[in-house]
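Here's the structure, in structure tokens; my notes come after.
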Amino acid sequence: MAQPTAHNTYLPGYAPKQVQHHEWRNAENSAAYLLPTLQQKAKDNPNLSLLDVGAGSGTITASLAKYMPQGQITATDLSEEILPRAKEFADKAGASNISFQQASVYELPFPEGSFDIVHASMVLCHLDSPVQALREMLRVAKPNGGIVACRESDLRMWSYHPQLPGLEKTHRLQLAVHEAAGGSIDGGAKLVSWAMQANATRDQITASFGTWCYSTPEERAIWGNTMAERVRHGGMRQKGLEMSIATEADLKEMAEAWDEWVATEDACLGCMHGEILIRK
């Protein structure tokens, strides 16, 4: 019997301080491009089925649920460690129409054509084989109207104020470490190409770009504290040291720059993401 192909893993890991910014995400700030289609489909078919692939902490999943209260959401993640956290968020949100299951996006344990909508947010850009994953998502989407929806970061596209050298060093470190771990730093820009390589035709694909903005004190804290934590502890720090692309002094400068950025009243940061809807 053939052994499954080994793939890369999520480098930062799932410790709460490493992924706290994930829990800021919701349907409105991270899946707005999908909401008009979701609302129309839920109106036409209240018993809609949605698969959320790589759901992580589940905050987007829980907020999608309110747009399809009579439907059923299945949330999967490769990490069994994070799924209880996702269930906790669903329970707090009163979203009783979500089930949770450990699964790999490369081998989704569902029959062909199982879901009206298959959704992923910030998943493909971390994978070493995004086209294979997208092909599997298309497989489990229903024919004749099923939707595959993806939003993926273009990690090159950070815009921030103030222009602190430690922030620039963090950005360069993140790009280098992300690529070394097998991910794509330009995944957002490649989504249409990936979809076509996964056998979608160009006329099936609607493409757009969206952004995140971190500007309020709460937003700055959720992003900046995560970045500071990643250069003080965890996978990104360790990989940077192993690759000799950051020294202890560099990492200290980066962490202190993020502390300063969080405390700066007029600081802000924006990130750009590619988005696609594929209609089967």
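Counting in the working numbering, the sequence shown runs from 1124 upward without gaps. Glycine residues also receive a C-beta, built at the ideal position from the N, C-alpha and C atoms. A quick note: this is a predicted structure, and the numbers were derived from the prediction, not measured.
For L1392 and E1342, I'd like the C-alpha separation in whole angstroms.
For the purposes of this step, residue 1392 is taken as residue 269 along the sequence shown, with counting starting at 1. For the purposes of this step, residue 1342 is taken as residue 219 along the sequence shown, with counting starting at 1. L1392 and E1342: Cα-Cα distance of roughly 10 Å.
In or out: K1375 buried (at least 16 other Cβ within 10 Å) or exposed?
The residue labelled residue 1375 in the question sits at position 252 within the sequence shown. Looking at its Cβ environment, which holds fewer than 16 other Cβ atoms inside 10 Å, K1375 is exposed.
Take the Cβ of E1204 as the centre, count every other Cβ of all protein chains shown within 10 Å, and call the residue buried at 16 or more, exposed below.
Sequence index remark: in the sequence shown, residue 1204 carries index 81 (1-based). Classification for E1204: exposed.
For T1184, which three-state DSSP category applies?
Residue mapping note: residue 1184 aligns to position 61 of the sequence shown, counting from 1. T1184 falls in the helix class under three-state DSSP.
I'd like to confirm the pairing. Which residues does DSSP put opposite L1392 in its beta bridges?
As a position in the sequence shown, residue 1392 is number 269, starting the count at 1. In DSSP, L1392 forms a bridge with Y1283 and Y1337.
When the Cα atoms are used, what is the spatial distance from P1127 to L1247?
Position 4 of the sequence shown, counted from the first residue, corresponds to residue 1127. Position 124 of the sequence shown, counted from the first residue, corresponds to residue 1247. Reliability of the predicted coordinates at P1127 is poor, the pLDDT of 47 falling under 50, and no value is obtained from them.
For T1197, report the span of its beta strand (DSSP E) as first-last.
Mapped onto the sequence shown, residue 1197 falls at position 74. Looking at the DSSP string, the run of the beta strand (DSSP E) that includes T1197 is Q1195 to D1200.
Between M1245 and T1334, which are expected to be in contact by the criterion C-beta below 8 Å, what is the C-beta distance as a whole number of angstroms?
The sequence position of residue 1245 within the sequence shown is 122, counting from 1. The sequence position of residue 1334 within the sequence shown is 211, counting from 1. About 14 Å; that fails the 8 Å criterion.
Can you tell me whether DSSP reads F1212 as helix, strand or coil?
Numbered from 1 along the sequence shown, position 89 holds the residue referred to as residue 1212. Helix at F1212.
Give the C-beta separation of G1181 and R1208 to the nearest angstrom, bearing in mind that I take them to be a contact with Cβ-Cβ under 8 Å.
Reading the sequence shown from its first residue, position 58 is the one you call residue 1181. Reading the sequence shown from its first residue, position 85 is the one you call residue 1208. Right, the Cβ-Cβ distance comes to about 7 Å (below 8 Å), so this counts as a contact.
Considering only their Cβ atoms, is the gap separating M1359 from V1300 smaller than 7 Å?
For the purposes of this step, residue 1300 is taken as the residue at position 177 of the sequence shown. For the purposes of this step, residue 1359 is taken as the residue at position 236 of the sequence shown. Yes, Cβ-Cβ distance for V1300 and M1359 is below 7 Å.
Kindly indicate if chain C contains any beta-carbon less than 7 Å away from that of A1213.
Any reference to chain C falls outside this structure, which holds one protein chain only.
Determine whether the beta carbon atoms of A1321 and R1258 lie at a separation below 7 Å.
Here residue 1321 refers to the residue found at position 198 of the sequence shown. Here residue 1258 refers to the residue found at position 135 of the sequence shown. Yes, the pair counts as a contact, with Cβ atoms nearer than the cut-off.
With distance defined between alpha-carbon atoms, name the residue in Q1327, V1315 and S1237 nearest to R1262.
For the purposes of this step, residue 1262 is taken as the residue at position 139 of the sequence shown. Among Q1327, V1315 and S1237, the Cα nearest to that of R1262 belongs to S1237.
What are the start and end residues of the beta strand (DSSP E) that includes H1242?
Stepping through the sequence shown from its first residue, residue 1242 is reached at position 119. Its beta strand (DSSP E) spans residues I1240 to S1244.
Would you identify the three-state DSSP class for R1402, choosing helix, strand or coil?
Along the sequence shown, read from residue 1 onward, the residue named residue 1402 stands at position 279. DSSP places R1402 in strand when its eight states are reduced to three.
Just grab the DSSP bridge partners of E1275 for me.
Along the sequence shown, one-based indexing puts residue 1275 at 152. Answer is G1397, bridged to E1275.
Measuring CB to CB, does E1398 end up less than 7 Å from R1274?
Residue mapping note: residue 1398 aligns to position 275 of the sequence shown, counting from 1. Residue mapping note: residue 1274 aligns to position 151 of the sequence shown, counting from 1. Yes, the pair counts as a contact, with Cβ atoms nearer than the cut-off.
Check for me: the beta strand (DSSP E) holding L1250 runs from which residue to which?
Indexing the sequence shown from 1 puts residue 1250 at position 127. Premise fails: L1250 is in no beta strand (DSSP E) and is neither H nor E.
Between L1298, S1252 and A1330, which has its C-alpha nearest Y1229's C-alpha?
Along the sequence shown, one-based indexing puts residue 1229 at 106. Nearest C-alpha to Y1229: S1252.
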